[in-house]
Amino acid sequence: MAASVRPRRSALYMPGSNARALEKARSLEADVVIMDLEDAVSPDKKEAAREAIGAALAEGGYGDRELVIRTNGLEGPWGADDLAFAAKAGADAVLLPKVEHADQIWQAEEALSAAGAPDSLSIWCMMETPLGMLHAEEIAAASPRLGCLVLGTSDLAKDLHALHTRDRLPFVTSLGLCILAARAYGLAVLDGVHLDLDDAEGFEASCRQGLELGFDGKTLIHPKTLAAANRIFAPSGEEIAWSRKIIDAHAAAEAEGSGVVLVNGKLVEALHVENARRIIALAEMIEFRESNG
11 MAASVRPRRS ALYMPGSNAR ALEKARSLEA DVVIMDLEDA VSPDKKEAAR
61 EAIGAALAEG GYGDRELVIR TNGLEGPWGA DDLAFAAKAG ADAVLLPKVE
111 HADQIWQAEE ALSAAGAPDS LSIWCMMETP LGMLHAEEIA AASPRLGCLV
161 LGTSDLAKDL HALHTRDRLP FVTSLGLCIL AARAYGLAVL DGVHLDLDDA
211 EGFEASCRQG LELGFDGKTL IHPKTLAAAN RIFAPSGEEI AWSRKIIDAH
261 AAAEAEGSGV VLVNGKLVEA LHVENARRII ALAEMIEFRE SNG
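Final position of the sequence shown in my numbering is 303; the numbers increase by one with none missing.
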């Protein structure tokens, strides 16, 4: 299940046990809503959280936002019930925590199929441990259901004994391994959260770095960070104009029997046109979403 080209600029975690938060998500400008059954839900509220998420999904009203349920791990007491619930809840994807081996994905896939999950239900993987980073390629190649790798840099920092620095140098190797694995197997890949909600400048710097590294978007823990993430991870006006220009120029060159063309002194080949079409498709989807709410 190679990742479709669709906006994933902002992926907002929402606690599954908070019905008001799930209601509010219908009006927020998040491309992805991650309804959380794991870290954001205390043990005594796991069952109630499933019920709240089920009711919210049944009611609908989320437009074309991508809806994801983060489950608890299968090795724990709630994971199996979470997957059985998620299989038929109506979400677009399930997000598995702390994935370290391909067999965790195979077990989840088997559980989802046994519970009657549709073929369209994607599996996303939290990449948040050193072992997960070292097995990123194995994980990315594990299943046709796989759609996205999601970085969990908070847990990763703990395991690495690393610091959250402005330049994020302690995480560069891990981020790069996941991006390489995701792109090698046609998956989406989302950057980890920025924990300091009072550090707007640092948050924007983190988003810009994530964009430069190749991430599709940023996972978020508060709605007030949505606007910046959406702005930074969207194609700029200059990118859109340039993409249209090289698509048109390359098409004209092909019509004249040439596969190579110079645009503003820059060599344009088929690979540039492929990326330009991706950018235009993404920009058009963002425009449609923003005009339709």
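Virtual Cβ for every residue (Gly too), placed ideally from N, Cα, C.
Buried versus exposed call for residue i [16 or more other C-beta atoms within 10 Å across all chains shown]
i: residue 22; result: buried
i: residue 210; result: exposed
i: residue 171; result: exposed
i: residue 199; result: buried
i: residue 298; result: exposed
i: residue 118; result: buried
i: residue 26; result: buried
i: residue 276; result: exposed
i: residue 48; result: buried
i: residue 50; result: buried
i: residue 253; result: buried
i: residue 71; result: exposed
i: residue 17; result: buried
i: residue 173; result: exposed
i: residue 166; result: buried
Contact set for residue i: own chain, Cβ-Cβ below 6 Å, skip 5 residues either direction
i: residue 140; result: 169
i: residue 207; result: 232
i: residue 191; result: 146, 147, 150
For residue i, three-class secondary structure by DSSP
i: residue 272; result: strand
i: residue 80; result: strand
i: residue 26; result: coil
i: residue 255; result: helix
i: residue 101; result: coil
i: residue 127; result: coil
i: residue 244; result: coil
i: residue 199; result: strand
i: residue 46; result: strand
i: residue 73; result: coil
i: residue 235; result: helix
i: residue 175; result: coil
i: residue 160; result: strand
i: residue 52; result: coil
Nonlocal neighbours in the same chain, by C-beta distance under 7 Å from residue i, ignoring five residues either side
i: residue 300; result: none
i: residue 157; result: 11, 13, 103, 132, 133, 134, 197, 198
i: residue 220; result: 201, 228
i: residue 137; result: 109, 143, 146, 159, 160, 161, 162, 188
i: residue 214; result: 238, 242
i: residue 240; result: 19, 20, 39
Rounded Cβ spacing between residue i and residue j (contact assumed at less than 8 Å)
i: residue 29; j: residue 62; result: 5 Å
i: residue 245; j: residue 289; result: 5 Å
i: residue 185; j: residue 39; result: Actually they are not in contact, since the Cβ atoms of residue 185 and residue 39 sit about 25 Å apart, beyond 8 Å.
i: residue 42; j: residue 80; result: About 11 Å separates the two Cβ atoms, so there is no contact after all.
i: residue 302; j: residue 73; result: 7 Å
i: residue 122; j: residue 99; result: 11 Å between Cβ atoms; not a contact.
Option in the options with minimal Cα separation from residue i
i: residue 203; options: 162, 83, 176; result: 162
i: residue 88; options: 116, 272, 53; result: 53
i: residue 247; options: 42, 292, 180, 191; result: 292
i: residue 164; options: 82, 155, 153, 180; result: 180
i: residue 130; options: 78, 178, 224, 173; result: 78
i: residue 278; options: 155, 128, 257, 218; result: 257
i: residue 20; options: 270, 44, 33, 167; result: 44
i: residue 82; options: 250, 107, 152, 155; result: 107
Chain-order list of residues whose beta-carbon lies under 8 Å from that of residue i (same chain, five-residue window excluded)
i: residue 60; result: 26, 47, 91, 92, 95
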